[in-house]
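Here's the structure we're looking at; comments come further down.
Protein chains in written order, with the numbering used here: chain A, 774 to 1377; chain B, 1486 to 1687.
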């Protein structure tokens, strides 16, 4: 008979015997509202687990943390045997009281349990990722043929010639086609040309005698691994996919199937490559969101996920721009993605930050530029990338300039900086070229570097934006709703992500790092000795955790048909997630203190 | 004064020294108590299990609790098995009623007893205690439903007051443990008591 809830971390990693041991030592304590549970100067001899009620941890007047049902407090104080903070009861609280000696004995006995108490952010996150385990293998085993983006089969009549087939295959960039003969369907593939050449077959020969009859097929709801088995058994590279009426409509290529097993993204990339109009691009773009869902669900870390998406999005934008821009314009310009997309940290389609650099004296008709850039922004909106609320989009005149005008703009950003100029520059600093002549961006970059060199006061002004939003831990104040009004939320971007991203950006700019990805910048800063290795690692983990949190809740919002945003609903977090968020925000706080010191921000 | 006299008389009538702890010095602690029985008639009900836990200040000493299964003289009625979940085979491992009573006496000592509809539990216990010790339980009793009634009637005079356990738990903000386990019920009663005492009705 278990009274104690052992399903919560860290208690879930105890063995049954250890659970009994702990339960036998547990008392229940009742605290009235405003009672003081722990305070500096008093020995900490108890670990509390809230059964019901709310306790808050205070450092003077500053709220450090809030503990609710099933939360544990305070592991750090328990290890240290003392606390620098005061713990007050916010709402009548019943808590399990575990004696320090009993908990410490268990930390020695059980390493995983001990890790919770002694480990830093990184290993706690590691413990977390162990929980979400092996969903990846499951999705692969349960994936069905219909989950792949199948190629619509090209169909020719049996009277069509070998030459017809070759032309059609080249035109449609396919390696196989279906052949109809009465009610029967056969298949003709590129490998058949090998025999045709060897045998010296006439290209006017009809397909009827050369195709393979009948085609081997699978159904849309067959498991992928069954399809793979069929291919292996028959030693073939493709299967026809039949619809419910039994008519073959699509082709399943072995390479697509294998790509799905190794990396779904490959399929989308191919689809983008083959797209010939905006409709096809739109279909491929829709798959990108689904890819994020699958990969995030399978436990892929956010940093590689971000880069993968960056690569896919870059291809999508490049294809779109190529379709919309006249060749002369395409060649004489450089299409940029900026902000989070430039950094490779846009996991969901949050907004489009883009710009265009035109070669000086390009002689392209201005109205053609207007038409192409507007069409581009419209296309992206159609693909599900909402317009940038700040208007950072290439159809706006101030974001499509010739190199000379860009230099003038950069000069103004640097020498007459106001708040908006700083933010625009920050977005521009993260720019990556996706299409056209990348040397145009490199030229602007070089100019920016010469402008900024040796002006440390300027870097301080640039970095100052990290002070724009209040102490992130104070955001936990919003958790203190006494369960009355609606749902409490936290703005992750303002609270934590922005400070890390912008702080790393400012330090990278000052150090002259070329990287635009925040994780790369943090590593670079550690390499250059600007950041201590431990803080660098903690910042990367904290950022990854917050991005992941935003992604998870964003995906949940998309599933409910709502736009994803930066607001995190506190009540939807597990107590471990809340714990980790608290730790992540504490890391942000440490980083801000470092930035304040480094850039002398206090003097402003 | 009257209570002291009564205690003295009871002590004089005590015929078994194993129950002397019931007349120990009061150490200021309380004991929350609950019993599971074979029926709801106190005269025929058989004791099936006893749960008791000490309350010291604002702390429920769950680590130092008493949970006893009692081997009944007759098999419990089927209809009640469904409520308390104690099957005859579970109870076969229990202790004899006499041992249960002496261990209970040693655990509760002279401490006041806290419970929800305690009267019934005390009546059943006394049914066992009298033949053994010659006395009824001398401990002071704190009835939660009565304390809760006093608390609510002060707040809402002339209202009709729901005294069901779930209402007490909701109104006093105390979690509901799985019921019909004697120790769980004793813990629930202890939590209710602390919540009432904090409101001035302890």
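Each residue gets a CB set at the ideal place from its N, CA and C atoms; glycine is no exception.
Item	Value
Complete runs of the beta strand (DSSP E) confined to the region 1125–1193 of chain A [at least 3 residues]	1127–1131 and 1173–1175
Where residue 783/A falls, given that 16 or more other Cβ within 10 Å makes a residue buried	buried
Nearest-angstrom Cβ-Cβ length linking residue 1548/B and residue 797/A, presumed shorter than 8 angstroms	6 angstroms
Counterpart residues of residue 1600/B in DSSP-defined beta bridges	1628/B
Interfacial residues, the region 1541–1552 of chain B to chain A, with Cβ spacing under 7 angstroms	1543, 1544, 1545, 1546, 1547 and 1548
Whole-angstrom distance between residue 1610/B and residue 1497/B, CA atom to CA atom	20 angstroms
Residues sharing a beta bridge with residue 825/A, DSSP	867/A
Cross-strand partners of residue 872/A (DSSP beta bridge)	819/A
Cα-Cα separation between residue 1119/A and residue 1324/A, rounded to whole angstroms	10 angstroms
Residues that residue 807/A contacts on chain B, provided the C-beta gap is smaller than 9 angstroms	What residue 807/A touches in chain B: nothing, since even the nearest Cβ is about 11 angstroms away.
Contacting positions in the region 1629–1661 of chain B - beta carbon closer than 9 angstroms to chain A	1657, 1658, 1659 and 1660
7 angstroms Cβ cutoff, residue 1677/B in contact with chain A	no
Nearest to residue 1673/B (by Cα), restricted to the options 1588/B, 1608/B and 1599/B	1599/B
C-beta contact flag for residue 1540/B and residue 1667/B at 7 angstroms	no
At least 3 beta-carbon pairs within less than 8 angstroms: the region 1184–1202 of chain A vs the region 1086–1105 of chain A	no
Contact with chain B by residue 865/A, beta-carbon distance below 7 angstroms	yes
Terminal residues of the alpha helix (DSSP H) in which residue 1331/A lies	1306–1332
Residue 1152/A versus residue 1043/A: straight-line alpha-carbon distance, rounded	20 angstroms
Proximal chain B residues relative to residue 868/A, where beta-carbon distance stays under 8 angstroms	Within chain B, no residue comes near residue 868/A; the closest Cβ sits about 10 angstroms away, beyond 8 angstroms.
Within chain A, partners of residue 1680/B - CB distance below 8 angstroms	803 and 865
C-beta contact flag for residue 1516/B and residue 1596/B at 7 angstroms	yes
Neighbourhood of residue 1284/A by C-beta, 7 angstroms cutoff - its chain only, sequence neighbours within 5 removed	1298, 1301 and 1303
Cα-Cα separation between residue 1268/A and residue 988/A, rounded to whole angstroms	59 angstroms
Any C-beta of chain B under 7 angstroms from that of residue 818/A	no
Beta-carbon gap between residue 1206/A and residue 1286/A smaller than 7 angstroms	no
Three-state secondary structure assigned by DSSP to residue 1049/A	coil
Residue 1619/B vs residue 1509/B beta-carbon contact at 7 angstroms	no
Proximity below 7 angstroms, CB of residue 854/A to CB of residue 828/A	no
Start-end ranges of the alpha helix (DSSP H) lying completely within the region 1533–1587 of chain B, minimum 4 residues	1563–1569 and 1573–1576
Cα-Cα separation, residue 1546/B to residue 795/A	14 angstroms
Chain-order list of residues whose beta-carbon lies under 8 angstroms from that of residue 1518/B (same chain, five-residue window excluded)	1535, 1536, 1537, 1593, 1598, 1599, 1600, 1603, 1606, 1671 and 1674
Neighbour-count burial assignment, residue 1275/A, 16 or more Cβ in a 10 Å radius	buried
Rounded C-alpha distance that separates residue 1075/A from residue 1292/A	10 angstroms
Amino acids of chain B, ordered along the chain, whose beta-carbon sits closer than 8 angstroms to that of residue 1378/A	This structure leaves residue 1378/A out entirely; chain A is present only between 774 and 1377.
Chain B contact for residue 1041/A (CB, 7 angstroms cutoff)	no
Segment contact flag, the region 855–864 of chain A with the region 806–816 of chain A, C-beta cutoff 8 angstroms, min 3 pairs	yes
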